[in-house]
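*Asks:* The structure under discussion is supplied below as structure tokens; questions concerning it will follow.
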Ligand SMILES: [Ca+2]
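Numbering (our numbering), first residue to last: 26 to 176.
Shown next as structure tokens:
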């Protein structure tokens, strides 16, 4: 005996309400220690997390909110964005996804990425008046960082 379609639909609806989509359930930690991009990537993995991937405006807002709560907003912050593999082809390294793969959304500052101090192959959130907008910067520069966790 199969459950009626209406029953299946009702259960599905309840699950959608009870279980928010994964993008809404990420948790973040703020690390007020300046390290290189790869050091940050490694530390987040050691914490059973990922160096942050900013795939949606919602995630951008959640990360900046966490920084405002726990860190200096004047600083810049590592994410896992990088084009080390191929110049101009940006990836969220921690998530194996293209930057901008969710509806084409990105949050680059004006004129960025510019590979300005060539080579600039890692993506940081820029603090101060930029309020977390993105720039490509030198991967070996020491910066604060944000880890994220699937809850
Ligand atoms: Ca740049």
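For every residue, glycine included, the Cβ atom is placed at its ideal position computed from N, Cα and C.
Quick caveat: nothing in here was measured; it's all calculated off a predicted structure.
#1: Please classify residue 45: does DSSP put it in a helix, a strand, or coil?
#2: Let me know the secondary structure DSSP gives residue 85 once reduced to three states.
#3: Please go through the same chain and pick out, in chain order, the residues whose beta-carbon is closer than 6 Å to the beta-carbon of residue 69, but skip the five residues on each side of it.
#4: Quick one: what's residue 176 bridged to in DSSP?
#5: Go through the region 76-135 residue by residue and report every complete run of the alpha helix (DSSP H) that reaches 4 residues or more, in order.
#6: Going by DSSP, which residues form a beta bridge with residue 169?
#7: Nearest to residue 164 by CA position, among 71, 139, 64 and 125, is which residue?
#8: Using C-beta distances below 6 Å, list every residue in its chain close to residue 62, excluding the 5 sequence neighbours before and after it, in chain order.
#9: For residue 108, count neighbouring Cβ atoms within 10 angstroms of its own Cβ and tell me buried if that reaches 16, exposed if not.
#10: For residue 35 and residue 87, I'd like the C-alpha separation in whole angstroms.
#11: Excluding sequence positions up to five away, which residues of its chain have a Cβ less than 6 Å from the Cβ of residue 159?
#12: Please report the straight-line C-alpha distance between residue 78 and residue 125, rounded to a whole angstrom.
#13: On the premise that residue 82 lies in contact with residue 130, defined as a C-beta separation below 8 Å, what is that separation, rounded to the nearest angstrom?
#14: Report the CB separation of residue 166 from residue 140 in whole angstroms; it is logged as a contact under 8 Å.
*Replies:* In this structure, then:
#1: As a first step, residue 45 is located in the chain shown; it is residue number 20 there, counting from the start. Because residue 45 sits at a pLDDT of 47, beneath the cut-off of 50, its placement in the model cannot be relied upon, and the following sentence gives the value as read from the coordinates. Coil.
#2: The residue labelled residue 85 in the question sits at position 60 within the chain shown. DSSP places residue 85 in helix when its eight states are reduced to three.
#3: The residue labelled residue 69 in the question sits at position 44 within the chain shown. Once the five neighbours on either side are set aside, the close Cβ partners of residue 69 are 75, 76 and 172.
#4: For the purposes of this step, residue 176 is taken as the residue at position 151 of the chain shown. Beta-bridge pairing links residue 176 to no other residue.
#5: 82-95
#6: Start at 1 with the first residue of the chain shown, and residue 169 comes out as number 144. Note: residue 169 sits in a beta bridge opposite 102.
#7: Locating residue 164 in the chain shown gives position 139, counting from the first residue. For the residues 71, 139, 64 and 125, the minimum Cα distance to residue 164 belongs to 64.
#8: For the purposes of this step, residue 62 is taken as the residue at position 37 of the chain shown. Cβ neighbours of residue 62 beyond the five flanking positions: 103, 147 and 164.
#9: On the chain shown, position 83 is the one that residue 108 refers to. Buried.
#10: In the chain shown, counting from the first residue as 1, residue 35 sits at position 10. In the chain shown, counting from the first residue as 1, residue 87 sits at position 62. When rounded, the distance between both Cα atoms is 31 Å.
#11: By one-based count along the chain shown, residue 159 stands at place 134. Contacts found: 132, 133 and 148.
#12: Here the question's residue 78 lines up with position 53 in the chain shown. Here the question's residue 125 lines up with position 100 in the chain shown. Cα to Cα, residue 78 sits roughly 11 Å from residue 125.
#13: Residue 130 sits at position 105 when you count from the first residue of the chain shown. Residue 82 sits at position 57 when you count from the first residue of the chain shown. Correct: roughly 6 Å between the Cβ atoms.
#14: Within the chain shown, numbered from 1, the residue matching residue 166 stands at position 141. Within the chain shown, numbered from 1, the residue matching residue 140 stands at position 115. Residue 166 to residue 140, Cβ: 14 Å. No contact.
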